[in-house]
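J.:
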Amino acid sequence: MSTPSTNEKINVRDLSFVALFSLIVGSMMGSGVFDVPQNVAHGAGVIPISIGWIITAVGVLALSWAFAYISNQRPDIQSGIYGYAKHGFGDYVGFNSAWGYALNALLANASYLIYICATLGNFAFFKFFGNGNTISSLVAESVMIWAVFFLVRNGIREASIVNVILTIIKVLVLASIIIVFVLAFNWTKFKSNLHAEPHLGDWFTQVKSTMLVTVWDFTGIEAACIFALRAKRMKDVIKATMLAAVVVCLITSLISVLPFGILSAQEIRELSTPSTAGILTQLYGENSGNLIRAAVVISVLGALLAWTLLASNMFYLASEDKTMPKSFMKVNANNVPINALVISSIAAQVFIVVAFFTNAVYLAMIQLATSLVLLPYLLSAMFALKLVISEGKIDRLSFIKGVLAVLYGIWLVYSGGMMFLALSSLLYLVGAIFYFIARKEQAKPLFDNKFEVVLFITLIVITVGSFADWSQAFITGQIG
3 MSTPSTNEKI NVRDLSFVAL FSLIVGSMMG SGVFDVPQNV AHGAGVIPIS
53 IGWIITAVGV LALSWAFAYI SNQRPDIQSG IYGYAKHGFG DYVGFNSAWG
103 YALNALLANA SYLIYICATL GNFAFFKFFG NGNTISSLVA ESVMIWAVFF
153 LVRNGIREAS IVNVILTIIK VLVLASIIIV FVLAFNWTKF KSNLHAEPHL
203 GDWFTQVKST MLVTVWDFTG IEAACIFALR AKRMKDVIKA TMLAAVVVCL
253 ITSLISVLPF GILSAQEIRE LSTPSTAGIL TQLYGENSGN LIRAAVVISV
303 LGALLAWTLL ASNMFYLASE DKTMPKSFMK VNANNVPINA LVISSIAAQV
353 FIVVAFFTNA VYLAMIQLAT SLVLLPYLLS AMFALKLVIS EGKIDRLSFI
403 KGVLAVLYGI WLVYSGGMMF LALSSLLYLV GAIFYFIARK EQAKPLFDNK
453 FEVVLFITLI VITVGSFADW SQAFITGQIG
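The sequence shown begins at 3 in my numbering and counts up by one.
(1) Between residue 407 and residue 64, how many whole angstroms is the CB-CB distance? I'm expecting something under 8 Å.
(2) If you draw a straight line from the alpha carbon of residue 42 to that of residue 219, how long is it in whole angstroms?
(3) Kindly give me the distance between the Cβ atoms of residue 385 and residue 92, rounded to whole angstroms, as I take these residues to be in contact under 8 Å.
(4) Can you name the residues that DSSP bridges to residue 185?
(5) Could you give the first and the last residue of the continuous alpha helix (DSSP H) run that contains residue 280?
(6) With a threshold of 16 other CB atoms inside 10 Å of the CB of residue 4, please say whether the residue is buried or exposed.
(7) Say whether the stretch 42-62 touches the stretch 386-394, bearing in mind that this needs 3 or more beta-carbon pairs closer than 8 Å, one atom from each stretch.
(8) Using 6 Å as the cut-off, classify the Cβ of residue 82 as near or not near the heavy atoms of the ligand COA, replying yes or no.
(9) By Cβ distance below 8 Å, which residues in the same chain neighbour residue 155 in space, the five residues on each side in sequence not counted?
(10) Using three-state DSSP, classify residue 7 as helix, strand or coil.
(11) Indicate the three-state DSSP secondary structure (helix, strand or coil) for residue 336 in the structure shown.
(12) What first and last residue would you give for the alpha helix (DSSP H) that runs through residue 461?
(13) Between which two residues does the alpha helix (DSSP H) containing residue 331 stretch?
(14) Give the straight-line distance between the Cα atoms of residue 157 and residue 426, rounded to the nearest whole angstrom.
(15) Compare the C-alpha of residue 32 against each of 176, 133 and 376 and name the closest.
(16) Let's test the definition: count the other Cβ atoms within 10 Å of the Cβ of residue 56 and tell me whether it reaches 16, buried, or not, exposed.
(17) List the whole-angstrom C-beta distance separating residue 26 from residue 243, where the pair is believed to meet the contact cut-off of C-beta under 8 Å.
(18) Suppose the cutoff is 6 Å on Cβ atoms and the five residues either side in sequence are ignored; what does the same chain contact list for residue 183 look like?
(19) Could you compute how far the alpha carbon of residue 123 sits from the alpha carbon of residue 187?
(20) Which residue spans inside the stretch 132-195 form an unbroken alpha helix (DSSP H) run of at least 4?
(21) Using DSSP bridges, identify the partner residues of residue 376.
(22) Please determine, among 296, 75, 416 and 345, the residue with the shortest C-alpha to C-alpha distance to residue 311.
(23) If we ignore side chains and look at the alpha-carbon of each, how far apart do residue 374 and residue 307 end up?
(24) Quick one: Cα of residue 347 to Cα of residue 313, how far?
(25) Taking three-plus beta-carbon pairs below 8 Å as touching, is the stretch 100-120 in contact with the stretch 460-467?
(26) Within 10 Å of its beta-carbon, does residue 499 have 16 or more other beta-carbons around it, so buried, or fewer, so exposed?
(27) Would you call the CB atoms of residue 300 and residue 143 closer than 7 Å?
(28) Helix, strand or coil for residue 371? Go by DSSP, reduced to three states.
(29) What's the gap between the Cα of residue 110 and the Cα of residue 34?
(30) Between 69, 45 and 18, which lies nearest to residue 378 when the distance is taken from Cα to Cα?
(31) Going straight from the alpha carbon of residue 253 to that of residue 58, what length do you get?
(32) Alpha carbons only, please: which of 430, 449 and 356 is nearest the one belonging to residue 98?
(33) Please classify residue 414: is it buried, with 16 or more other beta-carbons within 10 angstroms of its beta-carbon, or exposed?
(34) Looking only at its own chain, which residues have a Cβ that is under 7 Å from the Cβ of residue 351, when we skip the five neighbours before and after it?
(35) Can you give the Cα-Cα distance for residue 288 and residue 388, rounded to whole angstroms?
(36) Might you give, ordered along the chain, the residues of its own chain that have their beta carbon closer than 7 Å to the beta carbon of residue 208, omitting 5 neighbours on each side?
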């Protein structure tokens, strides 16, 4: 058992390019990639899906460029997405970026736990897990939370090695699925699915629907930047981010489109979760589908580990920078931010208990988690563009990339929807308690300027003004 250390600084650089790349891919490709065929087919036809993926690829690569550009121009900022917001727009904005990101990670973990048990519920031996909302599921989810806690507590490097192994398995499984889809692909079937589907709305509506699905699939692209402090080389952060963006874009888009050459659009919509398993079941029988379901569990466990690392490290980084209470800064003998890890694990435990008693489902938790990370993404894109503009001579190509990243960030916020934006505002307000504690510890005023006061008041207005809407959403079942 590791003993606490009085050291309050993480002073090791032990993450290689492979570890950083695996951290990004592991956090991005959790459960969503295995369900993307059904999810995109519900709201769009083949052509709008393809257009949506082209736009998404441009946006994601622009956002990835923003993270890489900041890392290159400001290597002194090694606190990732939080540091970009703070250095660009002040302490309170930076805190909200850190808080929103950490909550996103913890809500994502809660949703992953539900998804794991729901997937296991498809097996005869685990029928008692149901849809992930039974007492048995709650117990299993709790065990997984604390198993991951003990794994991470023993060292970030050790946990990252496990994550590398899980990511390799995940990529091999996804590559195998793509190969199977390619071999089973029928051009005649694909052409029959090209016909317009007016019942899904006009093309803009269908493209938007596709892009709403992809928002969650690319959450985690910033993971390497958050661990820049532990990277062996800063250039590895940049390379890992850009390569992961390309790899995930390629894998997810292929898994989205290829099934339309195997099944009809209606058949894809009717598939059970995870839909990739349903496709293989129709091709090769139930055993092949169960093999994919087992792979999904392994994949999501990898995402669970990755997001636990990201959440605890985000709390630590903000505490080190004095915008979170200093207690989050304590590390143990293994250079793990132990208090941040404990709080992260307790918060995840609370989320799954709340989900159990409110019947919150996987998709609703994903939507809320996604809405919390959208603002940090937009702030990062804005900071990258700010750096481009602040240079003496503006590089035209960098300016275009920065504008694209900002536009994509704005799109992400818009796509999240007002209901979840209001819920996010409420959670941001709750987080202000921790910010005020940190300010008191530093003997500083609550806010540095009028802009921060206006921002705080705006969050209150959005929350109060939207109370009727989102409380009604709970009652009618739109959330939970």
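The C-beta atom is built at its ideal place from N, Cα and C for all residues, glycine as well.
Given the structure is predicted, the values throughout are model-derived calculations rather than measurements.
T.: With the given structure in hand:
(1) 4 Å
(2) 12 Å
(3) 12 Å between Cβ atoms; not a contact.
(4) Bridge partners of residue 185: none, in fact.
(5) 277-286
(6) For residue 4, the predicted structure reports a pLDDT of 40, less than 50, and the residue's modelled location is therefore unreliable. A value from the coordinates is still provided. The residue in question, residue 4, is exposed, as its Cβ has fewer than 16 Cβ neighbours within 10 Å.
(7) no
(8) You won't find the ligand COA in this model; it holds no ligand whatsoever.
(9) 4, 334, 336, 338, 340 and 343
(10) Only weak support is given to the placement of residue 7: the predicted model assigns it a pLDDT of 44, under 50, and the value that follows is read from those uncertain coordinates. Three-state DSSP puts residue 7 in coil, outside helix and strand.
(11) coil
(12) 452-467
(13) First-last for residue 331: undefined, no H or E at that position.
(14) 32 Å
(15) 176
(16) exposed
(17) 7 Å
(18) 260
(19) 30 Å
(20) 137-155, 158-186 and 189-194
(21) Per DSSP, none; premise fails for residue 376.
(22) 345
(23) 20 Å
(24) 9 Å
(25) no
(26) Residue coverage of the chain in this structure runs from 3 to 482, which leaves residue 499 outside it and unanswerable.
(27) no
(28) helix
(29) 11 Å
(30) 69
(31) 13 Å
(32) 430
(33) buried
(34) 144 and 147
(35) 53 Å
(36) 45, 46, 47, 50 and 202
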